[in-house]
Each structure stands twice: as C-alpha cells, then as structure tokens.
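Student:
In the working numbering, the protein residues as written are 3 to 150.
1. Count the other C-beta atoms from every protein chain shown that fall within 10 angstroms of the C-beta of residue 25, then say buried if there are 16 or more, exposed otherwise.
2. Considering only their Cβ atoms, is the gap separating residue 89 from residue 101 smaller than 8 Å?
3. Anyone know if the C-beta pair for residue 16 and residue 52 falls short of 8 Å?
4. Have a look at 80, 55, 78, 44 and flag the residue whose alpha-carbon is nearest the alpha-carbon of residue 103.
5. Here's the rule: buried if 16 or more other CB atoms are within 10 angstroms of the residue's CB, otherwise exposed. What is residue 2?
6. Which term fits residue 150, buried or exposed, when burial requires 16 or more other beta carbons within 10 angstroms of its beta carbon?
7. Report whether the distance from the Cβ of residue 125 to the nearest heavy atom of the ligand ADP is below 7 Å.
8. Is the beta carbon of residue 20 less than 8 Å from the beta carbon of residue 85?
9. Only counting the same chain, and skipping five residues up and downstream in sequence, which positions put a Cβ closer than 7 Å to that of residue 74?
10. Write down the C-beta distance between residue 124 and residue 87 rounded to the nearest angstrom, noting that I regard them as a contact closer than 8 Å.
11. Comparing alpha-carbon positions, which option in 143, 41, 13, 105 lies nearest residue 47?
12. Would you say residue 1 and residue 60 are within 8 Å of each other, going by their C-beta atoms?
13. What does the alpha-carbon distance come out to for the pair residue 137 and residue 98?
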C-alpha cells in the first residue's frame, strides 16, 4: 500500500489513480474493461492486471509517445511521472517490480525516452533509475544520474 496524504493506495486503486492523474489513459481503460464513457474504472481485482496495465495503458500508449516528441509536453510528463512516484514510493515489492519492469526499464529502449524523462524523475524513482543506469553501464550515465 502507498500513502498519499491521508489516502492509502493499494494495487486495486492504481487504475483509478491512473485515470485521475493521466486522463489521456481513460479511453484505453474504458476499452479494456468495457466501460461506458466516464464510468468509473473497476476496483476489484485490477491489481492482478497491474503489470499489463502499466505497460499497455501507460508506458506504450501515453508515456513513450510523449517522450519521443522533439518538444515533449511537460505537463503530461509531470503528471505521468508524478503518478509513477505515487505508486512506487512506499509500495511493496510486487508494485515496485511492476514499475521497474513495465515503466523504468522501458526508458532504456530509445535514448530520447531516457533523456526526456530525466527532468521529471524525483525521489526514490530517480534513485532507482540512477542505480539501473550504473548497473547496465548506459553510455553517458555510467555513474548514474546527476544530483538535482
């Protein structure tokens, strides 16, 4: 579970939080779960779809296309990475693993993904990406990310 202020976000709440924080994902959630327009995302058992939802709905459909842009949409990227921070910080190993494999590792698929993401990485997510870059010995980031 993750604390956000006084609210607690568990794995079944991630989909709802995603749609609230990144409304650009709403149509994909509606399509996947057969929802009517503006119908609330399901809460029960969506934690089972966590890996698939993070990859297909957020990373591949919204985040990576935004990171490919010559002039990235800073508002969209701020919201996407704010969401990532919220579901990663204080999360259990299952959710941290999902974020790592379905979002953070995907930043290494193309140099613009990583380069355009760096300004939006904060806290434990930034630390994790920095360790990942050192571990994989990514050219130009062999010592990890610079301090903020």
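Ideal placement from N, C-alpha and C gives every residue a C-beta, glycine not left out.
Tutor: The answer reads as follows:
1. Walking along the chain shown from the start, residue 25 turns up at place 23. Residue burial is scored here from C-beta neighbours: residue 25 has fewer than 16 other C-beta atoms within 10 angstroms and is therefore classed as exposed.
2. Numbered from its first residue, the chain shown carries residue 101 at position 99. Numbered from its first residue, the chain shown carries residue 89 at position 87. At the C-beta level, residue 101 and residue 89 come within 8 Å of one another.
3. Taking the first residue of the chain shown as position 1, residue 16 is located at position 14. Taking the first residue of the chain shown as position 1, residue 52 is located at position 50. In terms of Cβ geometry, residue 16 and residue 52 form a close pair [threshold 8 Å].
4. One-based indexing of the chain shown puts residue 103 at position 101. Here the closest residue by C-alpha is 55.
5. The structure shown does not extend to residue 2, since the chain spans only 3 to 150, so no value can be given for it.
6. Locating residue 150 in the chain shown gives position 148, counting from the first residue. Its Cβ having fewer than 16 others within 10 Å, residue 150 is exposed.
7. The ligand content of the structure shown is nil, which means the ligand ADP is not present either.
8. Indexing the chain shown from 1 puts residue 20 at position 18. Indexing the chain shown from 1 puts residue 85 at position 83. Cβ distance < 8 Å, so residue 20 and residue 85 count as in contact.
9. The sequence position of residue 74 within the chain shown is 72, counting from 1. 68, 118.
10. Mapped onto the chain shown, residue 124 falls at position 122. Mapped onto the chain shown, residue 87 falls at position 85. The pair is a contact, with the Cβ atoms about 6 Å apart (cut-off 8 Å).
11. What you label residue 47 is simply residue 45 of the chain shown in a count that begins at 1. That would be 13, whose Cα lies nearest to the Cα of residue 47.
12. As displayed, the chain neither begins before 3 nor continues past 150, which places residue 1 out of reach and without an answer.
13. What you label residue 137 is simply residue 135 of the chain shown in a count that begins at 1. What you label residue 98 is simply residue 96 of the chain shown in a count that begins at 1. Straight-line spacing of the CA atoms in residue 137 and residue 98 works out to 17 Å.
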